[in-house]
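Protein chains in written order, with the working numbering: chain A, 372 to 1392; chain B, 10 to 233; chain C, 7 to 152; chain D, 331 to 581.
Read through the structure below, which is laid out as structure tokens, and then see the notes.
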Amino acid sequence: MNLQKTTEKTGSVMVVGAGVAGIQASLDMANAGYFVHLVDNSTSVGGLMAQLDKTFPTNDCAMCVISPFLVEVGRHLNINIISNSEVESLEGQAGAFHATVRNDPRYIDIEKCTACGQCRQICPVTAINEFDCGLDLRKAIYIKYPQAVPLAYAIDRSACIGCGLCEKACLAEAISYADTPRRTVLNVGAVILSMGSSVYDPSGLDTLAYGRHPNIVTSLEFERILSASGPYKGHLMRPYDREIPEKIAWLQCVGSRDINRAGHGYCSSVCCMYAIKQTMIAKEHVSTPLDAAVFYMDMRTYGKDFDKYYTRAKDEKHVRFIRSRIHTIEPLKNGDLNIRYVLESGDVQEETFNMVVLSAGLSPPPSAIALAGRLGIDLNAYHYAQTADIRPVNTSREGIYVCGAFQGPKDIPQSVMEASAAAASATETLADVRWTQTKVRELPAEVDFSGQKPRIGVFVCNCGINIGGVADVPAIREYARSLPHVIHVEDNLFTCSQDTQEKIKQVLVEKGINRVVVASCSPRTHEPLFQETLREAGLNKYLFEMANIRDQNTWVHMASPAKATAKAKDLVRMAVAKAAYIEPLPQVMLDVTNSVLVVGGGVAGMEAALGVARQGYQAWLVERGHQLGGMARQLRSTWQGEPVAPYLSDLIDAVHRHEHIQIFMETQVVHVTGTIGNFTTTLVTQDDEGKEKSTVIPHGAAILATGGHEYAPTEYQYGAHPSVMTHLEFDVAATKQDNRLLSAKLAVFIQCVGSRSAERPYCSRVCCTHSLKSALWLKTINPDVQIFILYRDIRAYGFRESLYQKAREAGVQFIRFESENPPVVSLTPGDPSEPNSSRLSLTVTDHILQRPIILNPDLVVLASAILPNENKKLFEAFKVPANADGFLVEAHAKLRPVDFASEGLFLAGLAHYPKTIDESIAQAKAAVSRTMNIVSKTAIMVGSVIAVVNPERCAVCLTCVRTCPYGIPRIDPEKGHAVIAAVECHGCGVCASECPGKAIALKHFTDEQINAKTDALFQAA
Amino acid sequence: MIVADRKSLSEIQDMVRDCRKILLVGCKGCVTVCNVGGLKEVQVLAATLRIAAKIEGRPLIVEETVLERQCDPEYVEMLKPVVDNFDAVVSMACGVGPQFLSEAYPQQRFFPAVNTTFFGGAVAHGIWEERCAGCGTCIIHYFDGMCPVARCSKSLMNGPCGGSDHGKCEISRNINCIWDMIVRKKTEQGRLNDLLDIVPAKNWQTARDGGPRQSRREELIQNG
Amino acid sequence: MSDAFEPTIIAFCCKYCAYAAADLAGSMRLSYPANIKISQVPCTGRVDIVHLLKAIEDGADGVYVAGCMEGDCHFVSGNLKALKRVTCVKKTLAELGMEPERVEMFNLSSAMGPRFAEIAIEMTDRIRKLGPSPVRRQPQPEAAAE
Amino acid sequence: METSFQPKILAFLCNWCAYAGADLAGVSRLQYPPNIRVIRTMCSGRVDPLFAIRALKEGFDGVFVGGCHIGDCHYQDGNVYTLKRMDMLARLLDISGIGRKRIRLVWASAAEAQPYADSVTDFTASITASGPLDRSRQTLALAGLSRALATPRLRWLVGIDRQVTERSNVYHEKTDTAHFQRVMQEAVETEYHKAMIQEIISQAPANVRELAEKTGLPVYTVSLRLNDLERNAQAELRGHEGRTPRFAAAA
């Protein structure tokens, strides 16, 4: 590291906190030309997400989706993971910060540790397993979880008694008790804070009896109970006596929306959804019936596909949702728990459950609050980083950005989005020092082995005693010698150790080995390392095959050494057989067009175009209408009260003035060709005389920000009476100081107009917040106005809850209605001679009184739904999918929220889902960051494990075209055969398996190679 | 395209029961496109036959090859060097294939591995439907692109029979009544009156009924 | 038990889920029969009918394909295609007079190490009960061996 | 009562001090009860706590260990290790309910015939007062103690105690004694609990409540210890009875 302090701008950045947000921000920046220091105070990266079993609303396995990201960040040449470390101070200013980082001793050399776990087995000291939330114990020497990155153990010094036994057991000699705290000064141009959240500890809430009975667990504990790698190996049991529960209760808002006892006035945003997820997963986990009951105040399923998830839980999985307040939990002798609760009606009820899950809210980790103090950034009342809606990822100190749950409680996709947004914002001012600090690995030219027979070298690993202690490694080695094409064999104590790698390199060159087989651990963790060694020795990295004789052999057949040895021989024989058929897969460089096309001139589109331009690249901004600004033109203020109009006019101005932005008004996209890095799009512009002019734009990536619009209600006398208006119309009227608003004596807001209906089974997310904000505004201009908000659930998520609280304090009255029994608005005819003299009358059944109430409002505001804009042709031109509601579908609901499945295409704003303006801005910036991974490069590498077509055999039958899950293959009419763009192919091999003419081969997994392994297995000696 | 179905395994096994060494020949034409006789299906059938022989403990060698087309002598010629090495040859082409093969190699036995079913196309991946009966006199223009000869169970040419039931043919719920479709389309296009013209009785001499057919293009025939 | 029939079973495991689950079973030091040998594929969608038949032809006593949970395929839908192919091979085995249960499709996530072990045990038990593959049961004539 | 019960006491005496002291007691014709049977070891450090448990299992009512005074060990500090081991044994006996009163450690030099005789007299009286060890009711406890005392964890911890608390641990500092004692106590408890559970499930699978009843441990403690055993592949879930899982020794 460069230890000298400078005042010049640097192309390095620092990310603090290596949860999913920190990882995303790091990858985005490292892939866009910056060197990233990723600092975390834990022993490994992954954060809270690594502890989760499944993720909503797709029920994807959390570890499955995060682990490729962990591996990528762990091996990235331009990401320096600094684990076990705290940032002590930050001097300097934006562009040239000097961060002092204290690296606490781990007592284990990360480079040497092979994570074999021998030390853990013999360590005599136990400690609480924090990863399993204390449901389990670990040793004083430990690894957080089996997939951890860095994959290395650490000694918990507070538990360790210093007996030295682990050192005796560690054959890799990775233990170093002499390790001491080290301080490093890092020169960085920007800092991103992504310290995440901790989970609220309900011990303080006396009535819930948490900590007094093991069958009362927090949601995170329950997550570990459900996890297959958790304390009960995924068998759902209650901790006290391991009985399979028959009835489980989930208690919502524990440590959230609770000022009195928890001091947390905000909504934690994620608990409703994770509780629903847990009910569904829990039911899946047991073969016996499970009664799941969720006790809640408002069900806040406000995100994309969340309401459908809620409905599914209710209607299909028969989860009981009980709107109530909890009085007490009383543990019973047999381990059951008696819950007393109060219904909306005021009735007190009791019910006994076998287990209780407390849906604990989120709160900022104390270490994060302390760090924020050291860095001098402003925190809000709840100790989260303070941000403005129009700059959602900027902290109060220039050059320091924030993302993820440290900015406010939020779910994974929102965190990931903000992470990319923070990456884009942090690097905006560093565009001119891009690629200045990044490293490039210097490699020798690849040796051409074409025409040579296979000369295979087999390296068998002892892995300390992990393999050698069970299987007979010398016998395996000698067996390998007898196999065809094998010209060199050896075994090593640790094949992955630095010195062995050097030795292997020498041997490869000396003996002219052209295929390498390593029999050791798993390719999932170690293949990249060995491939690097091959590459350094001048071999193409695909001339490599692994036999997994540890994770899938000696570790699981410890009790049968003879069988383990025999199986290892089988696996080595299979690997050697495939190795004889493997071939080098050269990668091809493709030039990249360094510009981005942005479709849609609303806030998201303009922010995206401006973001691209500020990164130093050309942006083409296309708007089909005649003015920029989209829906924001009607909005009065953000939810925090920042005025929208000045922001919008500044933004429009900036977009117009930026030299790197070219705007195409009244223009439509008609045709798109090409792939990631090189698209060609045809635009057609309508000029003033209605003549059409077409322009062809080359671009490396595209962002679709095609926006949405407000639903035009057909209900509640909308259109029949001037005082019935939508909430956007209310904003416009408010701006104009409309008398309908100023003179109103009784105003009624009706929620969910056109949302959460059979026709539109989604929540429009923004309406609750908007109505609360509008009601409060109405109260400020006219304190005497009486206001009713008629709602189904108040979904004021996150800090927006404070508006709900203020509204209640201000005397706004809330009446809840059921979807089956909505309010009825009718017109009472007035003086027939006078227009508009008819009066409004409204009937709604009060949820507490259970009786109809009649109101005579002089203002009715409808929180009408947000609909995506109609863009069927545009979406078809880009071949991007929309869901049943018309919103664009992202590549992955959790970890790729701004990407399309088709590479090089991104999305932002309302076209993705209804969202507030700060969320739209964040998503637009995120999309910019994602495009930088492409357009900041001069070329991209393509090739490797991809499908290739043999034209001779192709019958142009279209099977590949029809069966590819990504729609990549196409028939080239000129060439007369199918073509699969190397740059787009994901490498799954479905086409190769479907092709009736066997014209398609998936490289590195050809029929020949797969069959060679099978044949080898069964020709056992 | 000619559409075919694989014969049942037992039927194929019965044909080759007395053979110790057979050759499977696929075709890169229609049968590859309809996923029944391309290289992949050749491999599948070959493996299946070998497994069957192994289960029975019977010696059997199965070799696999694919011809560009089995309906052209030049391609068929390519089997010449190997064709006599086998006890029999199994063709996975349409019915044309085994015949061209046996004409070229009269000394060898040729067996069909597929049943040739119809002329048609894929309405979705994995589903093929009949569209043409090869009658030799196309009258589709009367019916806006729909052929009652191939697609009406009775090949009626002047309207549906009494078995048309809510758009389906009485033969099977899976078969659309083509006359229902014709009438709908004509109605939509406001040309229902077209159907008032009687389509005259068809000359079936050009169809199979006139005996085996030959097609000659004098300008193409090589004299030399 | 010592003279019990020890089947050879090949498992085609997708890189993202089943193979990772097998690794996790290792990390957790779970124990399962050594009869299972894994052949890694990028996605179960890569597993061809031809590959499954090849294994049977070679004398596999059991063959299974293990991919991601339905709906969770890393490549969208490869596991669903794999299931269809497995079903097709089951039919072929039935036609051949072999037990279709010798071929199976499983779905599991990468976090399900214990499930991987469970499947390995289940499949080994199943095949043990079925006995050796009839392909291996017959003395193989010279001519059939390639 | 005193007349009817004649306890059996096994003594391990070190060659250089206690044994010589016992000899001197004989030479000096000092009188003490005849219930004691002596095994001579070269050093009290040779006495494995497992010897004591074996003695109790085989029919002795008490175990007496005699060695040199601290500082006088013929082998420098063998007796200090004895002290640590006997302390661990005493803790285990307390936890098991058998009680530390069944063992006694005495330092007696070759010249201390009278103190030796007095100790024997006193210990014999104490055991006599305690009555015979009811082996039929202590089968599980004794089996558990044997298992626990054989674990590498306890054996290593008791052996390393002095090194890390008195001399220097691997970090070149002394481990805080209180910390070490906490670790030791936790290890002793959990290893004993686990040993009893293992003893039961090695015979037949059992559920948590059955285990709690047989071991006398609280239900939740059994659940936690099972967890520990499962993690180390010493126990596993083996089937259910209704909603109740049964646990067995890992195959």
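C-beta: ideal position from N, C-alpha, C; glycine also.
Query	Result
For valine 1095/A and tyrosine 1133/A, what's the separation of their Cα atoms in angstroms?	23 Å
For the alpha helix (DSSP H) containing isoleucine 838/A, name the first residue and the last one.	First-last for isoleucine 838/A: undefined, no H or E at that position.
With 16 other CB atoms within 10 Å as the buried threshold, where does glycine 674/A fall?	buried
For a test of the three-state rule: what should DSSP assign to valine 927/A, helix, strand or coil?	coil
Going by C-alpha distance, which of Phe666/A, Lys648/A and Gly605/A is nearest leucine 622/A?	Phe666/A
Do the CB positions of phenylalanine 1394/A and valine 1067/A come within less than 9 Å of each other?	There is simply no residue 1394/A to check, as chain A begins at 372 and stops at 1392 in what is shown.
Any beta-carbon of chain B closer than 9 Å to the one on glutamine 1380/A?	no
Just to confirm the assignment: which complete beta strand (DSSP E) runs, minimum length 3, are found wholly within the stretch 1329-1388 of chain A?	1341-1343, 1348-1350 and 1371-1373
If you count every other CB in all the chains shown that lies within 10 Å of the CB of glutamine 79/B, and 16 or more means buried, which is it?	buried
Does the distance from the C-beta atom of alanine 990/A to that of lysine 1296/A stay below 9 Å?	no
Determine the chain C residues that contact alanine 131/B at a beta-carbon separation under 7 Å, and present them in chain order.	Near alanine 131/B there are no residues of chain C at all, since even the closest Cβ is about 17 Å away, more than 7 Å.
Taking the continuous alpha helix (DSSP H) assigned at arginine 19/C, which residues delimit it?	The identity of residue 19/C in the sequence shown is cysteine, whereas the question assumes arginine. Not the alpha helix (DSSP H): cysteine 19/C falls in the beta strand (DSSP E), residues 15-20.
Please go through the same chain and pick out, in chain order, the residues whose beta-carbon is closer than 8 Å to the beta-carbon of alanine 1146/A, but skip the five residues on each side of it.	Ala1118, Phe1120, Ile1158, Ile1160, Ala1178, Ala1181 and Val1183
Counting Cβ pairs, one atom from each stretch, are 3 or more of them under 8 Å apart for the stretch 745-753 of chain A and the stretch 676-690 of chain A?	no
Please determine, among Arg1333/A, Ser1364/A and Arg1324/A, the residue with the shortest C-alpha to C-alpha distance to leucine 76/B.	Arg1324/A
Among the residues of its own chain, which have a CB less than 7 Å from the CB of histidine 2/C, if the five just before and after it don't count?	This structure cannot speak to residue 2/C, because chain C is shown only from 7 to 152.
Is there contact here, the stretch 115-132 of chain C with the stretch 444-453 of chain A, by at least three beta-carbon pairs under 8 Å?	no
For a quick check, are the C-beta atoms of proline 784/A and leucine 1266/A less than 9 Å apart?	yes
Report the option in Ala1326/A, Leu1213/A, Cys1356/A and Lys1244/A whose CA atom is closest to the CA atom of glycine 1275/A.	Cys1356/A
Applying the criterion that 16 or more other CB atoms from any shown protein chain within 10 Å of the CB defines a buried residue, is glutamine 998/A buried or exposed?	exposed
Can you tell me the Cβ-Cβ gap for asparagine 833/A and serine 796/A, rounded? I've got them flagged as a contact below 8 Å.	Rounded, the Cβ-Cβ distance is 49 Å, inconsistent with contact.
Quick one: Cα of serine 1128/A to Cα of glycine 417/A, how far?	38 Å
Between leucine 30/C and chain G, is any beta-carbon pair separated by less than 9 Å?	The structure shown has no chain G; the protein chains it does contain are A, B, C and D.
So what does aspartate 14/B bridge to, in DSSP terms?	Asn124/B
In three-state DSSP terms, what is alanine 918/A?	strand
Please confirm if lysine 37/B has its CB atom under 9 Å from at least one CB of chain A.	yes
Hey, is the stretch 974-989 of chain A in contact with the stretch 1325-1337 of chain A, meaning 3+ C-beta pairs nearer than 8 Å?	no
From the DSSP output, in three-state form, read off phenylalanine 1101/A for me.	helix
Which residues of chain D have a Cβ atom closer than 7 Å to the Cβ of tyrosine 548/A, listed in chain order?	Val500 and Tyr501
Whole-angstrom Cβ separation of glutamate 457/A and asparagine 412/A, contact assumed at under 8 Å?	5 Å
With 16 as the cutoff for other CB atoms within 10 Å, does isoleucine 847/A come out buried or exposed?	buried
Please report the residue range of the beta strand (DSSP E) in which aspartate 662/A lies.	662-667
Let me know if asparagine 202/B comes out buried or exposed under the rule of 16 or more other beta-carbons within 10 Å of its beta-carbon.	exposed
Can you tell me whether isoleucine 180/B is buried or exposed, with buried defined as 16 or more other CB within 10 angstroms of its CB?	exposed
Give the interface partners of lysine 43/C over in chain A, defined as CB-CB distance under 8 Å, in chain order.	Lys938, Asp941, Leu942, Met945 and Leu1388
State buried or exposed for isoleucine 1219/A, treating a residue as buried only when at least 16 other CB atoms are found within 10 Å of its CB.	exposed
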